[in-house]
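Accompanying notes for the structure given below.
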Amino acid sequence: MVDKSDAGISNGITKHIFVTGGVVSSLGKGLTAASLGNLLTARGLRVVMQKLDPYLNVDPGTMNPFQHGEVFVTDDGAETDLDIGHYERFLDINLGQSANVTTGQIYSNVIAKERRGEYLGDTVQVIPHITDEIKRRMRLQAQAGPDGEPAPDVIITEIGGTVGDIESQPFIESARQVRHELGRKNCFFVHVSLVPYMNASGEQKTKPTQHSVAALRSIGIQPDALVLRSDRPVSESNKRKIALMCDVDEGAVVNAVDVPSIYDIPTMLHDQGLDAYIIDQLGLDAGDVNWDGWSDLLEAVHDPKHDVTIGLVGKYIDLPDAYLSVTEALRAGGFAHNAKVRLKWIASDECGTPEGAAHMLSDVDAICVPGGFGVRGIEGKLGALRFARENGIPALGLCLGLQCMVIEYARHEAGLAGASSSEFDPDTEFPVIATMAEQVEIIAGGDLGGTMRLGLYPAALAEGSIVSELYGAPEASERHRHRYEVNNNYREQIADAGLWFSGTSPDGHLVEYVELPRDVHPFYVGTQAHPELRSRPNRAHPLFRGLVGAALDRQKASRLFEVAAEA
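Given below as structure tokens:
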């Protein structure tokens, strides 16, 4: 393994790898970029990553999950694109606000500078003012860290959108300028394109990729490598044809065929030599790939010894990307137990009645109730949690999931009939969930973007609690994204009824964790945080590892009972 203090930068310049996409969206640019980052990191290089999003929103925080998928929150409280989650999971690093740049942020900054007179009367234009701001953001991570950490060897930048889109042109032009300014030996362009299969003719077609590369070249960028996405292997003759027509070295044309698991992608790219080619072209000083940890992960992915079914009870299940980090954290919890987690997507509306909840949850080993906003689907989440609580089904509540646990328990065990959250019912008699005091004025002002409790916050865990046992420590820090909290006016009454507030903010003012004691329920745990955001595929988060472990215990107990009954 290469000593990172000596790795990478032979000429003192942080190298850039730009990843673009062509033909269609949703090709897997983010996973390709994350896999490259994984490989370079495994070779001993210091790698950071970045996503450039061409939409005009300042961040995805106010966007509908059905349109954009989940919002991934970083330690420093930035609301970012879900691809940042891929980057963190594949590289096992914590990124920050500089990892996600949007057109909205760029234009906001430029217009603010213009209003302050910083352009000294210039006519403000896309070139150079917008592109200069984009380049500044592209290079922002090329600095040494505040704690004396050295500058990264490589910045991998994924440019969102599809080549040819109007929206992404300023980003692509800025990348071209970065290559011009830093030198061609310090920048590398990877273009991800589609090679479709035509059923009518029974053959794969290379023309879409040729046209996509032609569009990229028309705006001044010659790709250095091509990643060909396909549902079946691309023939060697077609790869040679694409290399010839697109003027790319044959060794730099790789095929990313559909694979059983996203965690197979790094090995697939490595087997075709893409990482070695990039290292050679950029003149990086790197060692061999160290597969420690990743090979164990792949063994758990492909040869699990157990199988559990976990119900994900949510209201955005028509778009699984809305819960991407949750599903990956659940799968990682399975990997930690050498188990395959089968997800059962359950629309929360289906669990609104006891009969509906019994029907939907009768065949699951555990449930997870993730976060969300708004009143739709709440009664179903409450119904699912009540069924799980009363029938000993392991349950994990995340953010809104914790709040639903508190509401359900208040209604049915603490004598607070009709209890609710002031978010859903401002006139409720028992607002057991209410707005944080500092948020009241913000909501009244009508500005919702980036105004929640965001980022990493610590919590003190009660001695002897399930959560302290799982974390193996008396405290834990997790990322948050919420505006409402457990109302302290009802904490004592709900606790007296049996729900344990097992983790709070260090000052004891805010509830962070709730649970039922083990002698009451095998695993009924909720957190106000979003622990899924810090889970890693080869290092499962303690809460998800605990949920899967409880699901396996329940499954095992059920099987033993069935065998005994037959005997």
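Note that our numbering numbers the sequence shown so that position 496 is 616, with each residue one more than the last.
Even for Gly, the Cβ is constructed at its ideal location relative to N, Cα and C.
Pull up the CB-CB distance for residue i and residue j, whole angstroms please, since I reckon it's below 8 Å.
i: A671; j: E632; result: That belief does not hold up - the Cβ atoms of A671 and E632 are roughly 23 Å apart, past 8 Å.
i: R509; j: H641; result: 6 Å
i: L173; j: N214; result: Per the sequence presented here, residue 173 reads as Asp, with Leu not at that position. Between N214 and D173 the Cβ distance is about 20 Å, and since that is not below 8 Å, they are no contact.
i: L667; j: A486; result: 6 Å
i: E278; j: K171; result: 5 Å
Here's the rule: buried if 16 or more other CB atoms are within 10 angstroms of the residue's CB, otherwise exposed. What is residue i?
i: G268; result: exposed
i: G205; result: buried
i: L364; result: exposed
i: Q688; result: What the structure shows of the chain is the stretch from 121 to 687, and residue 688 is not part of that stretch, so it cannot be assessed.
i: R299; result: buried
i: S425; result: The sequence given here has Lys at residue 425, not Ser. Exposed: under 16 other Cβ atoms inside 10 Å.
i: G517; result: buried
i: P594; result: exposed
i: E558; result: Interpretation of E558 is limited by its pLDDT of 44, a score under 50 that renders its predicted location unreliable; the figure taken from the coordinates is listed afterwards. E558 should be labelled exposed.
i: H661; result: buried
i: T152; result: buried
i: R235; result: exposed
i: H629; result: exposed
i: D395; result: buried
i: A537; result: exposed
i: A334; result: exposed
i: H479; result: exposed
i: E419; result: exposed
Compute the Euclidean distance between the alpha carbons of residue i and residue j, then round it to the nearest angstrom.
i: N229; j: D673; result: 54 Å
i: D423; j: A617; result: 44 Å
i: V433; j: A459; result: 21 Å
i: T134; j: L444; result: 31 Å
i: L240; j: I466; result: 58 Å
i: I563; j: E543; result: The pLDDT assigned to I563 is 47, lower than 50, so where the model puts this residue is not dependable; a value taken from the coordinates is nonetheless given after this. Rounded to the nearest angstrom, the two C-alpha atoms are 11 Å apart.
i: K361; j: K305; result: 26 Å
i: E356; j: S622; result: 59 Å
i: R337; j: P343; result: 8 Å
i: R659; j: A452; result: 7 Å
i: D196; j: H650; result: 14 Å
i: T194; j: N319; result: 44 Å
i: A372; j: H331; result: 18 Å
i: L653; j: P546; result: 30 Å
i: A295; j: R349; result: 23 Å
i: A316; j: D391; result: First, the residue type needs correcting, since residue 316 is Pro and not Ala in the sequence shown. Roughly 22 Å between the two C-alpha positions.
i: K676; j: G148; result: 38 Å
i: L417; j: A615; result: 40 Å
i: G472; j: A504; result: 8 Å
i: T105; j: M572; result: Outside the shown range of the chain, which is 121 to 687, sits residue 105, and nothing can be said about it.
i: G521; j: R603; result: 14 Å
i: V428; j: V484; result: 8 Å
i: I430; j: E475; result: 19 Å
Consult DSSP for residue i and reduce its assignment to one of helix, strand or coil.
i: L314; result: strand
i: H206; result: helix
i: S482; result: coil
i: S468; result: helix
i: S228; result: helix
i: R236; result: coil
i: G454; result: helix
i: V587; result: helix
i: S625; result: coil
i: A396; result: helix
i: K460; result: strand
i: R603; result: coil
i: I563; result: Unreliable positioning characterises I563 in this predicted model, as indicated by a pLDDT of 47, which lies under 50. The coordinate reading is nonetheless provided below. Note: I563 maps to helix in three-state DSSP.
i: P474; result: helix
i: R688; result: Outside the displayed span of the chain (121 to 687) sits residue 688, for which this structure offers no information.
i: T194; result: coil
i: G646; result: strand
i: A593; result: coil
i: T555; result: strand
i: E533; result: coil
i: D427; result: strand
i: P651; result: helix
i: A504; result: helix
i: N184; result: coil
i: G517; result: strand
i: L432; result: strand
i: T548; result: coil
i: E598; result: strand
If we require 3 or more residues per run, which beta strand (DSSP E) segments fall completely within the segment 126-182?
DSSP runs (the beta strand (DSSP E)) wholly in the segment 126-182: 135-141, 167-173.
What are the uninterrupted segments assigned as beta strand (DSSP E) that are 3 or more residues long and contained completely in the segment 243-272, given in chain order?
Taking only runs of at least 3 residues, no beta strand (DSSP E) segment lies wholly in the segment 243-272.
Enumerate, from N- to C-terminal direction, the unbroken alpha helix (DSSP H) stretches of 4 or more residues contained entirely within the segment 273-327.
289-302
Mind pulling the beta strand (DSSP E) runs of 3 or more residues that sit fully within the segment 360-414?
373-377
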